[in-house]
Structures are given as structure tokens and as C-alpha cells.
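Position one of the first sequence corresponds to residue 9 (the numbering used here), numbered consecutively onward.
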Amino acid sequence: MPVHNAEIADIFERLADLLELEDANPFRVRAYRNAARTIRGYPETMSRLVEKKADLAELPNIGEDLARKIATIVRTGKLPLLREIESRTPGQLSDLMKIQGLGPKRVKTLHKELHIRSVDDLGRAARSGKIRELPGFGEKTEKAILKGLEDIAGRANRTPLPQAEETARSLAAYLEAIEGVREVIVAGSFRRRKDTVGDLDFLVTASRKSPIMDEFIAYDEVRDVVSKGTGRSTVRLRSGMQVDLRVVPQVSQGAALLYFTGSKAHNIAIRKIAVSRGLKLNEYGLFKTDKRIAGKTEAQVYRRLGMAWVPPEMREDRGEIEEARKRSLPKLVEPDDIRGDLHCHTQATDGTLSIRKMARAAAEMGYEYLSINDHTRHVRVANGMDADRLLAQVEEIDRLNDELEDIVLLKSAEVDILKDGSLDLPDDVLGQLDFTVCAIHYGFDLSEKAQTERVLRAMDNPNFHVFAHPTARLINERPPCALDLERVMTAARENGCVMEVNAQPSRLDLNDEGCWLARESGVKVVISTDAHSAADLRYMRYGVDQARRGWLSPSDVLNTLSLAKLKKTLTRR
DNA sequence: GCCGTTTTCGGCCCGACTGTTTTCAGTCG
């Protein structure tokens, strides 16, 4: 079983935690964390890179030493250094650092003074009141630890973007109504459009006299106040979501927006650029000695650093800094570029509307085309169609196309990929469609080898056009199935197949990294909503977000094409 | 342990808030 990037990143992060507990050189600790971040977000697997004998030291934040360590982990699944350190420092101690308010120093004290080795030990010590007696600790810290233990026990998942959007909208409206508030912006991973959001970062410009902080913590949905200051406060909402609020002067708004949008890695990289130019960048502006030379807008700050403005979705330190310095950032796809939706369902299977009503809804979105992709027979729970029903639907679509004036319907289906890699309707039936969208709906737990071969075999069929929601993940519900995406991409390119970016907020599949891999592999994508109702067509935006995070341009996305060009491109040779 | 449009050695992002303290260490983002 090949080692996943996440496992390698976990090993390095654990190592960093334990080294920190041992008071190791903090920059060495940081090096391990930086490397972990690079590996976790890297679109290709380290296993594959090692197999290809690629030079891992070429990757950012990876040098000769870590390249060797990665290779060791790939080959053996473990790292001798970690074992060696764990023999000195109990491995579970790194778990304690996950509790809010506990860092390496305090964990070390707890271990040394009270012999605490695990989360359970910590709970017992806190409940018996032993922690408050330690030097540097007190009653409040002890209480905070008990609270922190509760939090990690019932830790909420990261919030899907649309839910976060709803929370953000209500809170923004509340904040905007507070006296003296000028502008409210949500920054953080929300602004970078990550598929899920951990917490919300609100940035507010307000007059000096505004009672913003008092009003903020008085918001109806606030469960507890984590901290409260004049410039920054943090609360936890009833939903479990954490919200940070920062008040900044208008003259610093751009610098603050830049800073609080992140990512952390992007911030660090641009601060280094500032330092290299003898400047200092913080959330209040860009400074030459003590003189602010930029800060009102983001564009101003980037400009004074010799860079183009970077779209928030790209701010992950995945090469955007270099491109911005060379002024060669790609032009990212935008919602307005989308000219049609290539995956939707009707009441023939599990959708809620007739074909005609879906067509009308799509026309109202301004689309030129919409394809109808009802399920095929294997998906019985969704009333999947057999050949006769599908062919009847094809005729119905032909009739509707004669009648409809403002939109063209494409004949398609969401065809099941069976376990043996065959498609669940005969070729002569599939051949009557304009194109197919093929997907896995069962057998998610096959081994990576079996799952990958299943897909590759399916792609050999000339009636396979689009691979829908490729990893079949459901955010916070079902992990992505084991699939060698790199091999799948290669096969897609060779066979002229296309990958779907499924825009359902619970799927977002391909995700940003998948989009990145598609582009690198020379594979085109379609962004589709998989709509089951008219309202679902509005999910398109979320798919575009992920495509932008994967640096996709309109030319990478086939449903930015006119109908004529699209039809030509979706044909396999 | 990484990295280089000043450098292959000597740097490494920066400020706010809290709690336990009487001036600051620890943690967080």
C-alpha cells in the first residue's frame, strides 16, 4: 500500500511537535512544519515522485536531508528519527498540544512536574486541581484546559463553504448595523474559497468611538467569548464555529485584508520579500523605517513589493509569488465564463423537476446549453433508467429542442461504472447520446489498484466522455475512494476523456488539488452542478471556486465553450 | 533544517491577547 502524502506530513508534524517539546532549534522545528505543509498540499504523491526518481529536494521547503527522509518513509512506511525521539519523549504528548492554550512550554512543564503523558492524565490532573498549583499556571488556565478537553472531545468538522457563507452573511449584516461601522469584510480561508472553512475572520473598519467589540460579543449566536480586546476579539458560536473579529483603521485596510486573508504560507513569503527590500510588512501597512508607504489597498502593497495583485484563491504559496513577480499570473476562470451546465437530473430519476422546467431554469441563468444526465439502471434507489426509458427520454429531448428557443438540451446520462469497469448500458444505446458522464456509485472501498483499474477499463470504452465526481468523496461523510488520480489523468489524456469538477457543496470533486493535477496533466475539465432542482444550478459558483484554486483558466474548462465547439471537443476519436 | 537578485553561512514573519505576573512568557493566528 503506497504511503500517502498526508501520512508523511503527519510524521513531520509530529516530529516538529516533539522536537519543540525538547527545546530544539525553533527554526529546525519550523523547517519540518514547512515541509509538512508542502507535502500535504502537493498534487503529486511523494511515492510516485520517489518511484520516478525525481529530485525531491527541488520541492519548496525540502532540502537534501528531508528528501532522504521522505524516501525512507515511502520505502519503509516509517522514520527511524521519529522512533528515536519517541523513546525519549512520550509520543502522546504531542496530542496535548492540540488543546487550545497549550503549547510546547506548558506541555513540557505538565510532563515534568505532574508526569502527565496523555490527554487522559491531563483530565485527571485538571479535575483534581493539581494544575493550578504549578508555577506559571493558575485557576483560569486550569479551567481553560478542562474547556479545551471538552472541545477536542466533541470537535466539530470543518464547515462546508455554503454553511459558512450563511453564518457569515447574518453576522456581517448584524455588524454593519452597529454604530460607526464603515465596512465589513470576511477574510481568511473563506475569502480564499477553500472547500471547507475552519473559522471565520471578520475584518471591520469603524470609527474610534464605535461600540463594535461590545456589540460583537453580545451577538445572539455567541456561545462563549474566547478573548476580547480593543483591536481583536474571538468568540465561539452556538454552531461550534469560531469567529475572529479585527478592527483596523482605514489607512491599513488593504494590509490588514492581505494579512488576514492568508494563507499563512503566502504571508510569510511576501513578508520575506518585504524584508529583502529593506521594508517591513505587518497588518498595518508596508513600512520603510517608520514611514508607511502602502496599506490602504492590497493592490498598493503588492505593487510596492514589485508584484501583481494575487487573486485570494491562489494565495497558498504554490508558485503564485513567482508568477506575480514575473507578472505572469494566469487569467482564472470566472462564473461569467460558464456557458452551460453539463450534469443535472430530472424527475425521471432522482431530480425534482421535468426536463422542460430544468431547461427553463437553465435558460434563466443565461446558459446556452444544459445536458440531462439521469441515472442509469444500476442506481436503483434513484430509479435508474434502463435502455428503453433512456431512449424514450432521448426522443423527448429531441422534441423539446425543436420547441425551445433560448437553450439547447444535450442528450446524456450519468452512467454507472460497474465493479468490473464496464458501463451499465450497452454501447449501441450510449452511442445515441451526445456524450456520457460516468461515475462510481458503489464499491467505494476497493483497493487503490482495483479501483484505478476499474476506472481505466471504463475509460477504454469510447462511450466514456466525462468522469463525474472522480473520488466520490462526500465532505465530512465519506472519504475519497482510493484511486491513483495521476494514472487516471494520464489515461484520460490518452483517451480524450474529461474530468468533472462537481460543484455540489458536499462533493467539490475534483477538489482544488485535483484541478491542479488535471491542468498539469493536460486534461480538460467541465464544471457541473449535478443539480437535482432548479436551485441547485446556483452551485456553479462553488465549482468555479475550486477550479480557480487549481489555477484553471477558461481554456481549461470545456463548458466555457460555445455549443458548437463543445460538441466537437466532447467527441472521442 | 532550509535557503540565496546582498549570502553556501547566517539568517529565518510579526503583532495581539491572556494569565500570571509586577514586567513578561506563552500561545495563537
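Beta carbons are placed, not taken as given, at the ideal position from N, Cα and C, and that holds for glycine.
- Taking the CA atoms as reference points, A277 sits about 22 Å from D73.
- C-alpha of F224 to C-alpha of V309: approximately 29 Å in a straight line.
- Looking at R246, M249, P320, the one whose alpha-carbon comes closest to that of T269 is P320.
- Between I301 and R48, the alpha-carbon positions lie close to 36 Å from each other.
- Put simply, the segment 172-182 does not touch the segment 143-151. Fewer than three CB pairs are less than 8 Å apart.
- At least 9 Å separates the beta-carbon of V256 from that of T305.
- By the Cβ neighbour-count rule, F35 is exposed, with fewer than 16 other Cβ atoms within 10 Å of its own.
- In this structure, K457 is the residue among K457, Q261, G237, D538 with its C-alpha nearest to the C-alpha of E494.
- Along the length of the segment 61-126, whole beta strand (DSSP E) runs at least 3 residues long do not occur.
- Excluding the 5 residues flanking it on each side, N471 has same chain C-beta neighbours closer than 7 Å at L431, D435, L438, G439, T444, in chain order.
- With fewer than 16 other Cβ atoms inside 10 Å of its own Cβ, A543 counts as exposed.
- Cβ-Cβ distances below 7 Å link P68 to T46 in the same chain, with the five nearest sequence neighbours on each side left out; the list follows chain order.
- With 16 or more neighbouring CB atoms inside 10 Å of its own CB, S197 falls in the buried class.
- When secondary structure is reduced to three states using DSSP, I380 falls in the strand class.
- Looking at the DSSP output, R216 shares a beta bridge with no other residue.
- By the C-beta density criterion, P513 is buried, having at least 16 other C-beta atoms within 10 angstroms.
- In this structure, N567 places its C-beta atom within 9 Å of the C-beta atom of G348.
- If you check the CB distance, I380 and M548 do not come in under 9 Å.
- Partner residues in the beta bridge of C352, as assigned by DSSP, are A539.
- Proximity to F20 across R486, E187, T97, N42 peaks at N42, based on C-alpha coordinates.
- Across the structure, R368 and I153 are spaced so that their CA atoms are roughly 56 Å apart.
- Scanning G137, D222, P219, L245 for the CA closest to the CA of R231 turns up L245.
- Residue nearest to T238 within the set S215, M249, Q250 is S215 (criterion: CA-CA distance).
- In terms of CA proximity to E158, V127 leads the group R501, V127, L265.
- Only buried fits A370, as 16 or more other CB atoms lie within 10 angstroms of its CB.
- Rounded to the nearest angstrom, the gap between the Cα atoms of S541 and D382 is 12 Å.
- C-alpha of L253 to C-alpha of R166: approximately 19 Å in a straight line.
- Looking from the CA of L26, the closest CA among G109, R125, A421, R311 belongs to R125.
- The segment 444-453 makes contact with the segment 473-491: 3 or more CB pairs, one atom from each, lie closer than 8 Å.
- About 27 Å separates the beta carbons of E173 and P219, which is beyond the 8 Å limit, so they are not a contact pair.
- In the DSSP secondary-structure assignment, A447 is bridged to D424.
- Under the three-state reduction of DSSP, D492 is assigned to coil, being neither helix nor strand.
- Shown here, A185 sits in coil according to DSSP, grouped into three states, outside any helix or strand.
- Take the alpha-carbon of R385 and the one of V416: they are about 26 Å apart.
- By the Cβ-count criterion, V233 is exposed, with fewer than 16 other Cβ atoms from all chains shown falling within 10 Å of its own Cβ.
- The three-state reading of DSSP puts N519 in coil, since its state is none of H, G, I, E or B.
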